[in-house]
Structure formats: C-alpha cells, structure tokens
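Engineer: Here my numbering is used: the first residue of the sequence shown is 285, the next is one more, and so on. No residue lacks a Cβ here, since even glycine has one placed at the ideal position from N, Cα and C.
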Amino acid sequence: MEILDGKKVSNQIKEEITVEVAQMKARGEKVPHLAAVLVGNDGASLTYVGSKVRSCKKIGFESTLIHLPEETTEEDLLKQVHELNNDPNIDGYIVQLPLPKHIDEEKVLMAVDPDKDVDGFHPTNFGKMALDMETFISATPFGIMELLKRYNVETEGKHTVVIGRSHIVGRPISILMSQKGNPGNSTVTLAHSRTKNLKELTLQADIVISALGVPKFLKADMVKDGVTVIDVGITRVPDETSSKGYYITGDVDFENVSKKAAYITPVPGGVGPMTIAMLLKNTLLARERHNA
Ligand code: NAD
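1) Which same chain residues, not among the five before or five after Leu487, have their C-beta less than 8 Å away from its C-beta?
2) Does the pairing of the segment 544–551 with the segment 514–521 give three or more beta-carbon distances under 8 Å?
3) For Arg455, which residues in the same chain have their Cβ closer than 8 Å to its Cβ, ignoring the five residues on either side in sequence?
4) Going by alpha carbons, who is nearest to Lys500 out of Arg520, Leu485, Ile491?
5) Any idea what DSSP makes of Arg449, helix, strand or coil?
6) Is Gly448 near the ligand NAD - that is, is its Cβ less than 7 Å away from at least one heavy atom of it?
7) Can you have a look at Asn370 and say buried or exposed, based on whether 16 or more other CB atoms are within 10 angstroms of its CB?
8) Could you please give the first and the last residue of the uninterrupted beta strand (DSSP E) stretch that includes Leu322?
9) What is the DSSP secondary structure of Tyr435, counted as helix, strand or coil?
10) Apart from the five residues on each side of it in sequence, which residues of its chain come closer than 7 Å, Cβ to Cβ, to Glu390?
11) Say the cut is 7 Å; is the CB of Leu496 nearer than that to a heavy atom of the ligand NAD?
12) Given this structure, state the Cα-to-Cα distance separating Glu358 from Thr419, to the nearest angstrom.
13) Closer than 8 Å is the cut-off here; do at least three beta carbon pairs connect the segment 402–409 with the segment 529–538?
14) Buried or exposed for Glu313, please, with buried defined as at least 16 other CB atoms from any protein chain shown within 10 angstroms of its CB.
15) Check for me: the alpha helix (DSSP H) holding Ala310 runs from which residue to which?
16) For Ile378, which of Asp326, Asp399, Asp360 has the nearest alpha-carbon?
17) For Val333, write down the residues that DSSP places opposite it in a beta bridge.
18) So is Ser527 buried or exposed if we call it buried at 16+ other beta carbons inside 10 Å?
19) Tell me the rounded alpha-carbon separation between Ser542 and Leu496.
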C-alpha cells in the first residue's frame with residue numbers, strides 16, 4: 285500500500301510555483317494576485333480562506349482578503365464582484381462558498397468574469413472543461429488528477445467509481461477521469477444518493493473516488509484488493525478532547541480500507557492540500573493568460 289501524500293505533492297507544486305514567481309519578479313513582471321471574498325463568519329470558511337491567503341504570501345503572490353459581514357446584501361456582493369472583474373490588478377478571485385442563505389449563489393457565480401474564475405465554477409469554464417478545452421479546472425478535481433499523475437497511478441481502461449455528483453467535485457472528476465489523457469481514459473460510473481447497488485459497483489472498482497461527506501462511509505468490505513482510493517470527504521466531528529473542539533475525518537474507513545488498497549489518500553493530508561495548491565496554480569495560469 286502506498287499513501288498518496290497530498291501534503292508532500294502540494295508542497296512540491298508550491299515550490300515550483302515559487303520559482304516561477306521569482307522569475308517573473310526578476311523579469312520585472314507583475315506577480316499573480318489572488319483575491320478572496322468571504323461573506324460572514326462560518327468557521328470552516330474562515331479556516332479555508334485564511335490558509336489560501338497565507339499560501340499566497342508564502343509563494344510570493346499578492347493576495348487580498350475581502351471579508352464582508354453576514355448581512356451583506358446580494359446587490360452589494362454583486363457590486364463587489366463587478367469591481368473585482370474590472371480591477372486590472374486582480375488576476376483571479378474566489379467567492380468562498382457557502383454564501384449566506386439570503387444570497388443567490390448561482391447569480392453570484394454567474395457574475396464572476398470567467399477569465400478570473402480561478403475556482404472554475406462559472407458555466408463557461410465548466411463547459412470548456414467538459415469539452416476538453418483550455419480553462420480553469422476546479423481546484424479539487426484538478427488536484428486529484430495531479431496527484432494521480434505524479435504517483436503514476438494507472439487509470440487507462442480502469443473502472444473508476446465516483447461517489448457523489450456535486451458540481452464542484454463528483455461531476456467534474458467523473459468527466460475528467462473519462463476524458464482522453466493520462467490520467468483519464470477510465471471507464472467511469474457516477475454513483476449518488478439514489479444509487480441502489482453501490483456496494484456491487486464499488487466492489488468492481490479499480491479506483492474509488494469518494495466525495496459525499498459521510499465519515500467512514502466506505503468500508504473494507506465494499507472494495508476489492510488492490511483498489512486505489514481517493515478520499516475527498518472532509519467532515520468536522522465534534523471532539524471535546526481536542527483543543528479545536530473537533531477532529532477532521534474523511535469518507536473512508538482508512539484503517540481497514542488501507543489494508544486492501546494499492547494507493548490511498550489520507551484525511552487530512554490528501555486531497556485537501558492539493559486543492560489549495562491547484563487554486564494557486566490556476567492563479568498563476570490566470571496571470572500568464574492575462575500577460576499573453
Ligand atoms: P455535496 O455535499 O454537495 O453532495 C454530496 C453528494 O454525495 C451528493 O451528490 C449525493 O448524491 C451524494 N451522496 C450522499 N449520500 C450518499 C449515499 N449514501 N450514497 C451515495 N451517494 C451519496 O458534495 P461536495 O460538496 O462534493 O462535498 C463532499 C465532501 O467533500 C464533503 O465532505 C466536503 O467537505 C468535501 N470536500 C472536500 C474538498 C477538498 O478540498 N478536499 C473540496 C470540496 C468538498
């Protein structure tokens with residue numbers, strides 16, 4: 285069994301980007317600038333955005349955090365989005381989800397300039413991804429593909445079962461794994477909450493990508509020997525004994541599934557850090573495309 289070490293690989297990617305940014309600086313060029321918009325004070329969102337901004341600083345990017353109060357109106361948020369679209373100093377930005385309930389998420393994401401949409405959530409970018417065109421691939425599926433690539437995990441002709449059909453993980457990764465390429469060329473089954481025979485499917489899978497958000501959902505008796513398991517799930521489980529008051533767990537019963545797996549991602553330290561690295565990669569791409 286080999287651990288697909290997302291922390292290690294994400295650090296490699298960040299080092300590669302750091303070198304590129306230093307070269308940009310040396311040439312007297314503008315360095316990439318990522319902005320993040322956060323509305324409200326959701327604990328997990330604050331943590332995610334905080335670590336995105338810290339990562340920017342570490343690798344030499346400029347970054348701007350726009351933290352708006354919970355009661356921000358949809359109109360004001362849209363105004364902010366338009367300002368970012370028109371600010372030549374900003375190469376890419378993200379609007380951290382989830383947004384407060386009174387704001388129409390779809391409306392906001394649709395307002396983001398696709399050329400600055402480093403999260404890859406805009407329909408233009410999702411559509412381009414599905415058509416195999418140059419675009420911004422959402423950071424989490426992009427990170428999974430990069431992890432598989434760097435560990436040379438064979439995906440061609442393999443049966444990949446994706447659990448979860450969200451627009452940000454399950455759906456895009458099912459498309460990417462089925463596309464021509466390496467990684468890719470996989471035969472994909474997309475399972476979801478209405479799937480009736482999930483265990484039958486996962487038992488046939490060479491690769492399982494689990495993105496549903498239910499702790500320890502994927503058990504050892506659901507996978508075959510030699511399987512590759514990508515655990516996307518991140519759930520905070522309340523824990524009074526921990527200083528944070530919770531611990532983080534994935535969708536996979538790691539202790540038992542890892543005994544049967546050829547490759548497996550841990551949680552934490554698997555897909556999570558890859559997601560941040562690929563957001564940075566997309567911001568670098570945005571800068572390069574604006575330069576071109
Ligand atoms: P979501 O929460 O929007 O949807 C969950 C999906 O799981 C749905 O498509 C649903 O059909 C499916 N599902 C639910 N119960 C099921 C069942 N019993 N059997 C089969 N399918 C079932 O999905 P999401 O936003 O992709 O998030 C999934 C998990 O991934 C969450 O834990 C989230 O925190 C995590 N996540 C991690 C990262 C990362 O960077 N590692 C990024 C995004 C999301």
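Structural biologist: Reading it off the structure:
1) When the five nearest sequence neighbours on each side are left out, the beta carbons in the same chain lying within less than 8 Å of the beta carbon of Leu487 are those of Met506, Val507, Lys508, in order along the chain.
2) The segment 544–551 vs the segment 514–521: in contact.
3) Taken in chain order, the residues that qualify are Arg449, Leu474.
4) Just measuring C-alpha positions, the residue of Arg520, Leu485, Ile491 sitting nearest Lys500 is Arg520.
5) In the three-state scheme derived from DSSP, where H, G and I count as helix and E and B as strand, Arg449 is classed as coil.
6) For the ligand NAD, at least one heavy atom lies less than 7 Å from the Cβ of Gly448.
7) Result: exposed.
8) The continuous beta strand (DSSP E) containing Leu322 extends over residues 317–323.
9) Tyr435: coil per DSSP, three-state reduction.
10) Taking C-beta separations shorter than 7 Å and ignoring five residues to either side along the sequence, Glu390 has no partners in its chain.
11) Taking the Cβ of Leu496 as the reference point, at least one heavy atom of the ligand NAD falls within a distance shorter than 7 Å.
12) About 27 Å.
13) In short, these stretches do not touch, since the Cβ pair count stays below three.
14) So Glu313 ends up on the exposed side.
15) It spans 290–310 - the alpha helix (DSSP H) in which Ala310 sits, taken as one unbroken run.
16) Minimum Cα distance to Ile378 is reached at Asp399.
17) Val333 is not bridged to any residue.
18) Exposed, because fewer than 16 other Cβ atoms sit within 10 Å of the Cβ of Ser527.
19) One C-alpha to the other measures close to 19 Å.
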